[in-house]
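In my numbering, the protein residues as written are 19 to 287.
Here a beta-carbon is modelled for each residue, glycine too, at the ideal position from N, C-alpha and C.
One structure is given below, encoded as structure tokens.
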Ligand code: CA
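Here it is in structure tokens:
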């Protein structure tokens with residue numbers, strides 16, 4: 019006689035648990051995607067005025083970004099070429115190479131990193147030059163830090179909206195930054211990546227066709243002070259390759275002996 023009542027109670031409890039679990043999962047996704055977007059972003063500040071450079075780096079670090087500085091255009095260009103940065107804040111009036119030269123040089127070498135120009139001049143021509151050369155945005159000095167942070171968020175968001183659904187695509191791979199799910203374009207089979215594998219593959223996909231050294235990979239995924247050994251990279255690459263096979267991707271992570279790794283489509287595209 020009691021049984022139906024117990025059964026109903028149990029069922030409603032199970033439904034309650036299911037709902038809670040779903041909320042927890044959504045919350046987890048939210049946190050992990052938030053950390054993925056903000057936590058791993060590296061910003062390079064190329065500014066010769068030391069006080070401003072240090073203030074910018076401090077503000078960015080307080081906001082949870084990783085930030086490095088360069089005091090002239092030459093050093094800045096060398097750092098951009100490492101491919102480690104998600105965004106560059108670039109002053110125009112700089113020693114060695116000015117901001118326009120740095121931007122022109124970077125774009126001519128196929129480096130697509132978003133750039134926000136800082137200009138002390140108010141001349142409209144400066145801004146137009148900068149946009150023609152491939153800057154993503156500009157700010158006129160003096161500016162409020164909050165304004166710069168808003169522009170940074172906007173440019174970074176734009177970068178992740180290469181496709182309408184915010185998924186990252188390279189070769190035939192589709193990576194979802196919200197769920198960490200990897201799939202092959204046009205195929206329903208998905209696999210969920212743990213955080214480290216996600217970061218590693220995201221880095222390879224953002225630089226598809228470009229050889230990334232083991233040092234770059236370690237710095238990017240494990241951080242500058244990491245004790246991570248090269249063996250770690252090898253092991254994680256094998257995990258990712260297995261998952262790429264599982265989703266039947268034709269893309270390959272090719273090891274370049276003594277250098278690093280490159281993500282390529284099957285035909286080498
Ligand atoms: Ca300057």
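Chain-order list of residues whose beta-carbon lies under 6 Å from that of residue i (same chain, five-residue window excluded)
i           : result
residue 93  : none
residue 203 : 190 and 192
residue 186 : 193 and 223
residue 221 : 238
residue 56  : Here the model assigns residue 56 a pLDDT of 43, short of 50, so the residue's position is not dependable and the matter cannot be decided.
residue 122 : 151
residue 74  : 63
residue 163 : 77
residue 45  : Residue placement at residue 45 cannot be trusted, given a pLDDT of 48 that sits under 50; what the coordinates show is reported in the next sentence. Here the set comprises nothing.
Proximal residues to residue i (C-beta, below 8 Å), its chain only, five neighbours per side dropped
i           : result
residue 91  : 64, 112, 113, 114, 115, 116, 117, 119 and 120
residue 66  : 89, 90, 109, 111, 112 and 113
residue 210 : 197, 198, 199 and 200
residue 176 : 132 and 154
Distance cut-off 7 Å: residue i Cβ against heavy atoms of ligand 1
i           : result
residue 90  : no
residue 67  : yes
residue 95  : no
residue 112 : yes
residue 109 : yes
Nearest to residue i (by Cα), restricted to the options the options
i           : options               : result
residue 106 : 138, 80 and 71        : 71
residue 99  : 82, 76 and 128        : 128
residue 206 : 163, 264 and 89       : 264
residue 14  : 162, 131, 196 and 239 : Residue 14 lies beyond the stretch modelled for the chain, which goes from 19 to 287, so this question has no answer here.
residue 87  : 68, 101 and 81        : 68
residue 101 : 250, 226, 262 and 266 : 226
residue 276 : 252, 282 and 270      : 252
residue 199 : 261, 167, 282 and 97  : 261
residue 241 : 79, 78, 80 and 84     : 84
Nearest-angstrom Cβ-Cβ length linking residue i and residue j, presumed shorter than 8 Å
i           : j           : result
residue 76  : residue 103 : Residue 76 to residue 103, Cβ: 18 Å. No contact.
residue 235 : residue 218 : 7 Å
residue 157 : residue 134 : 7 Å
residue 282 : residue 266 : Incorrect: roughly 16 Å between the Cβ atoms, too far for contact.
residue 124 : residue 95  : 7 Å
residue 159 : residue 138 : 5 Å
- Query: Is the segment 250-258 touching the segment 201-221 in the sense that three or more CB pairs, one from each, lie closer than 8 Å?
  - Reply: yes
- Task: Tell me, please, whether the segment 230-243 touches the segment 145-155 by the rule of three or more beta-carbon pairs shorter than 8 Å.
- Result: no
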